[in-house]
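Student: Below is one structure. I have some questions about it.
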Amino acid sequence: MVGYYFDTYAIIELLEGNPLYEFAKGDTIITSTMNLAELYYSLLLENGKDNADSILEKLNFEFLEITSEIATSSSFFRFRNKKAKLSYIDCVGYNLAKKNNLLFLTGDKEFESFDNVKFVK
């Protein structure tokens, strides 16, 4: 069985019931607290605080630790790929996925050509 690191895009698509993400339904959402922050902000904008809190309570998360090694390797990865204009949060997620032998699950087009990515749009 392949494991996935869910970026914020993937979590939102899963929540919205995108059938292309059906394969990941019911999985533990392995991600980082930075993706949680990004997700929560999006939920607040779309649903308000009470509904955003309710949505989060129903999800099964596992958070991977962002170590100093991940922070620096992610910044270097972003630097090496600066023309792609990748976000810090996505670079951290990508590096966490690689370090933990997970595929980086995303629909962000900037990552479509990278290795270790399950691109679903």
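Each residue of the sequence shown is one higher than the one before, starting from 62 at the first, in this note's numbering.
Every residue gets a Cβ at the ideal spot worked out from N, C-alpha and C, and that includes glycine.
Would Tyr66 pass as a contact of Leu147 if the rule is Cβ separation under 8 Å?
Tutor: no
Student: Taking C-beta to C-beta, are Gly154 and Asn79 nearer than 8 Å?
Tutor: With contacts defined as CB atoms closer than 8 Å, Gly154 and Asn79 fail to qualify as a contacting pair.
Student: For the beta strand (DSSP E) containing Val178, name the first residue and the last one.
Tutor: 178–180
Student: Spell out a yes or no on whether the region 112–120 and the region 130–149 are touching, meaning 3 or more CB-CB pairs, one atom from each, closer than 8 Å.
Tutor: no
Student: Determine the DSSP secondary structure at Leu164, reduced to helix, strand or coil.
Tutor: strand
Student: Within the continuous beta strand (DSSP E) that includes Glu123, where are the two ends?
Tutor: 122–124
Student: May I have the straight-line CA-CA distance separating Ala71 from Glu130, to the nearest angstrom?
Tutor: 25 Å
Student: Where does Ile91 fall in DSSP's three states?
Tutor: Strand, per DSSP.
Student: Buried or exposed: which applies to Ser93, given that a residue is buried once 16 or more other Cβ atoms fall within 10 Å of its Cβ?
Tutor: buried
Student: Nearest-angstrom Cα distance between Tyr82 and Val178?
Tutor: 14 Å
Student: Under 8 Å, do Ile73 and Leu106 count as touching if we go by C-beta distance?
Tutor: no
Student: By the three-class DSSP mapping on this structure, what secondary structure does Phe175 have?
Tutor: coil
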